[in-house]
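A quick write-up on the structure given underneath.
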Ligand SMILES: Cc1cc2nc3c(=O)[nH]c(=O)nc-3n(C[C@H](O)[C@H](O)[C@H](O)COP(=O)(O)OP(=O)(O)OC[C@H]3O[C@@H](n4cnc5c(N)ncnc54)[C@H](O)[C@@H]3O)c2cc1C
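Numbering (my numbering), first residue to last: -3 to 264.
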């Protein structure tokens, strides 16, 4: 256990790290204990953090990547080399403690969309985190006939967290049967050569993804979408979704799509 963990232990809202997995030199996931009182809707985010050298909390927004039925909480994180939080957070180990403010919020929730036939989860990078939660929520499969996960990263290794998660779902004892062949996975790379390439916006605009998956062109009656990526990605996807006739909704006014930033800033 590192020194920071020992300090945090004395704080309210401390949770214990139960496992850590490093996916690339820029990405890792980890699980922590779940406060007994914490209820959340799949897709929401919370504030998590660590103490700095002076004992001051450094808190950042994090999507909960685990489903709401899970006993623990999972997070999927970037490692920003000079990032105030993640330069430290990337070194956590099982037994360490983090701060977790148990006040979940967010727009990427099923209640913010009108009923439909298909739901599209559109993410770049760590933007897949809220969908890692929603893909494991039985309610997603109760509400929609088809669930389509489009995830785009520069390189194949950056897709691995999502790829392994999707693969594991079909055999999952709890929701495997519900998932069945309803979940369609469409990962692409933008830099490294792979079987499927290209930006989400391009694959939607050109109609390639509809052709590849054998689904109708996105339309107002049947399709719903959730978007999570950089500010620019979100803006670009919004334009494409609007071109198909979809309109942005919210908790207070459910419509055809909702958007959330995967981080604040320009991205790296
Ligand atoms: C609603 C919301 C949900 C979020 N959920 C997650 C999550 O599930 N996982 C996660 O890793 N981060 C998430 N973030 C970003 C997170 O809050 C922090 O920004 C991130 O952990 C880096 O913290 P930092 O203190 O090290 O650097 P910061 O000072 O916060 O960020 C430094 C710079 O790094 C870049 N950056 C930050 N986060 C990312 C990222 N995830 N991917 C690519 N570039 C990034 C930005 O350009 C930013 O300006 C979320 C942000 C918001 C607003």
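We put the CB at the ideal spot given by N, CA and C, even for glycine.
- Distance check between residue 89 and each of 11, 134, 77 and 106 places 11 closest, using alpha-carbon atoms only.
- Residue burial annotation: residue 254 is buried, with at least 16 other C-beta atoms found within 10 angstroms of its C-beta.
- In the structure shown, the three-state DSSP call for residue 29 is strand.
- Residue 67 and residue 202 have their alpha carbons spaced roughly 42 angstroms apart.
- With fewer than 16 other beta carbons inside 10 angstroms of its own, residue 187 counts as exposed.
- At a cut-off of 8 angstroms, the beta-carbon of residue 238 does not count as near ligand 1: no heavy atom of the ligand is closer than that.
- When the beta-carbon positions are compared, residue 36 and residue 57 stay at least 9 angstroms from each other.
- In this structure, residue 95 lies near residue 44, with their beta-carbon atoms less than 9 angstroms apart.
- Secondary structure of residue 184 (DSSP, three-state): strand.
- Close CB contacts of residue 220 within its chain, under the 6 angstroms cut and outside five residues either way in sequence, are with 109, 112, 115 and 252 (chain order).
- Nearest to residue 21 by alpha-carbon distance, out of 236, 154, 183 and 165, is 154.
- In the three-state scheme derived from DSSP, where H, G and I count as helix and E and B as strand, residue 259 is classed as coil.
- DSSP, reduced to helix, strand and coil, places residue 168 outside both helices and strands of the structure shown, so it counts as coil.
- Relative to residue 13, the option among 158, 50 and 70 whose CA is nearest is 70.
- Under the DSSP assignment, residue 44 falls in the beta strand (DSSP E) whose first and last residues are 41 to 47.
- Taking 9 angstroms as the cut-off, the Cβ atoms of residue 172 and residue 166 count as close.
- Across the set 207, 237 and 231, the C-alpha of 237 shows the shortest separation from the C-alpha of residue 215.
- Beta-bridge partners of residue 179 (DSSP): 143.
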